[in-house]
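Residue numbers for the sequence shown follow my numbering, beginning at 400 and rising by one.
Ideal Cβ positions, reconstructed from N, Cα and C, are used throughout, including at glycine.
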Amino acid sequence: MSNVDSLDLVIIGGGLAGLTTATLLARSGKTVTLFEQSSKEIGGRARTTVIDGFYFNQGPHALFLTDAGDSVLKEIGIHYTGGIAASKAYLIIGGKKHEVPAEYSRLSGKSNESSGESIDSQFFNSLAKIDFSELENVTVQEWLDKNIHDKNFAEIVKTLVRLNTYGNDPDIQSIGSALRQIYVGSRSGDMYVDGGWQTFVDGLLTAAKNANARIIMGKKATKVKRADPSGWLITLSDKTQVSAKIVVMAAGPKEIYSLFDDNERPEVLSKAAKEAKPIRLVCLDVALSSLPDKDTLFALGIDRPLYFSVHSTHAKLAPEGGALIHVAKYLGTSIEPKPREDQPELEEILDLLQPGWRQVLVKKRPLPNMVVSNALVTAAVGGLAGRPDPKIADNLYVVGDWVGKEGLVSNASFASAKRAAQLILNE
Ligand SMILES: Cc1cc2nc3c(=O)[nH]c(=O)nc-3n(C[C@H](O)[C@H](O)[C@H](O)COP(=O)(O)OP(=O)(O)OC[C@H]3O[C@@H](n4cnc5c(N)ncnc54)[C@H](O)[C@@H]3O)c2cc1C
């Protein structure tokens, strides 16, 4: 035991959640040590890879403005720029490209005042009057059956749920947080970020280091055990051990679950790991030296769960004249990826929307099975209210996109990091 380093506060994981927690606590005077398993790259799923001047996020990434991420980044002082993701949308139905029907005046961007309020305007206006927390234990499908009687528009709402939450499981997903996200998105928009999400990672890393947080790369936590008289003993991948008064774990629920012996694992962690249904996405990230069709910048599948967007039109992600495109298929929690079929399907979408793309291809990067969120927000557990709080035992906290009562995807990571830091500082 004598060669065990005694640390004050240890954070396991250097994604957005871990880096945010490290920064907030180090700035408040805590002595913070963060261990990241990767020896080369920090930032987890928010990393951006630069290839030939093109900025490849890991699949399509947009920051929902006026949500937790935006406010925490501002609080820390991370400045970022970019463009609001707004382009004329096309729909993909039956393998063909369609204009958004004119009767959906708001979605098609056409004013339709003479024919009265359109069905989509009515829908968006109705969101302002909804108490989203009352819909936490209602599924997307139940809500649609009761409230949207036009079958075609119900498909549009399902598509908006996919776009705003990445969820593709109407029979189990909670509608409350989904409608809230659509509402927030429709009012303030979401941003494609100049230089990609690495801007957030680099900003947080600098802020954490400036506040004297120690960031240690290439060390994976392999075990967490109670230490006497209080605190925790952490075993690292190089077989060394450190003890810590407080531990914050910033990885997925199943990864954290496996760090504990059965008799020491907090019950709330076992429950979260058992219930967590990861939301997955098949991605194809593509860099082109020029854009064949400059009018077709954004499209969503209606009868198939597909996404297409030219991110570089709105943010600095490509060299002059070039284009950075994200194409994706929403797998949700239950569709299995089929790499041999999925990638050709996504390439066909490019053939449809950007014919000639193969002649101007600089780089294509398939990502066959990405975890967008560690846990779909389900109606069965009561929606966001069913997610665990950051504090799971004495001196033991979790943060990430599956934690806390606030936010979806990265906003949950930021919000839970902020809450965990507050709880620790209050104790
Ligand atoms: C394809 C795709 C599209 C997305 N689009 C959006 C979007 O449009 N908007 C949005 O808000 N969010 C989006 N997200 C989600 C967003 O990227 C994540 O919510 C966010 O990056 C999660 O950050 P995190 O720190 O919680 O987790 P992670 O990024 O997963 O970080 C966890 C870190 O912990 C490390 N780690 C794990 N176990 C250990 C261990 N035992 N020891 C040491 N280190 C460990 C990992 O290496 C990793 O660096 C998207 C994600 C994907 C994959």
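Residue i - DSSP class collapsed to helix/strand/coil
| i | result |
| --- | --- |
| residue 794 | coil |
| residue 558 | helix |
| residue 637 | coil |
| residue 631 | strand |
| residue 458 | coil |
| residue 615 | strand |
| residue 482 | strand |
| residue 816 | helix |
| residue 490 | strand |
| residue 621 | strand |
| residue 768 | strand |
| residue 607 | helix |
| residue 450 | strand |
| residue 780 | coil |
| residue 499 | coil |
| residue 747 | helix |
| residue 717 | coil |
| residue 404 | strand |
| residue 723 | strand |
| residue 512 | Per-residue confidence for residue 512 stands at a pLDDT of 48, beneath the threshold of 50, marking its modelled position as unreliable; the derived number appears in the next sentence. Of the three classes helix, strand and coil, the one that applies to residue 512 here is helix, per DSSP. |
| residue 517 | coil |
| residue 410 | strand |
Between the CA atoms of residue j and residue i - distance to the nearest angstrom
| i | j | result |
| --- | --- | --- |
| residue 482 | residue 711 | 9 angstroms |
| residue 626 | residue 662 | 14 angstroms |
| residue 423 | residue 475 | 8 angstroms |
| residue 528 | residue 804 | 21 angstroms |
| residue 583 | residue 464 | 8 angstroms |
| residue 758 | residue 687 | 9 angstroms |
| residue 469 | residue 608 | 21 angstroms |
| residue 845 | residue 732 | The structure shown does not extend to residue 845, since the chain is modelled only from 400 to 826, so the question has no answer here. |
| residue 466 | residue 753 | 33 angstroms |
| residue 595 | residue 768 | 20 angstroms |
| residue 406 | residue 645 | 9 angstroms |
| residue 697 | residue 638 | 49 angstroms |
| residue 512 | residue 521 | No answer about residue 512 holds up, because its pLDDT of 48 lies below 50 and its placement is not dependable. |
| residue 416 | residue 471 | 11 angstroms |
| residue 457 | residue 441 | 13 angstroms |
| residue 539 | residue 636 | 42 angstroms |
| residue 779 | residue 590 | 31 angstroms |
Could you tell me whether the stretch 782-790 touches the stretch 707-724, where touching means 3 or more Cβ pairs closer than 8 angstroms? no
Assess contact between the stretch 738-747 and the stretch 663-676, defined as three or more Cβ pairs (one per stretch) separated by less than 8 angstroms. Is contact present? No, the stretch 738-747 does not touch the stretch 663-676.
Inside the stretch 638-699 only - alpha helix (DSSP H) runs reaching at least 4 residues: Listed in chain order, they are 652-656 and 666-674.
Contact between the stretch 593-613 and the stretch 410-427 (3+ Cβ pairs under 8 angstroms): yes
Take every Cβ of the stretch 485-500, pair it with every Cβ of the stretch 523-538, and state whether three or more of those distances are shorter than 8 angstroms. no
Pairs of beta-carbons, one from the stretch 407-414 and one from the stretch 432-442, closer than 8 angstroms: are there three or more? yes
Do the stretch 557-567 and the stretch 440-457 touch if we need at least three Cβ pairs shorter than 8 angstroms? no
Continuous beta strand (DSSP E) assignments of at least 3 residues falling wholly in the stretch 558-590: none
Between the stretch 553-564 and the stretch 792-802, do at least 3 Cβ pairs fall closer than 8 angstroms? no
Just checking, does the stretch 547-554 make contact with the stretch 587-602 on the three C-beta pairs under 8 angstroms criterion? no
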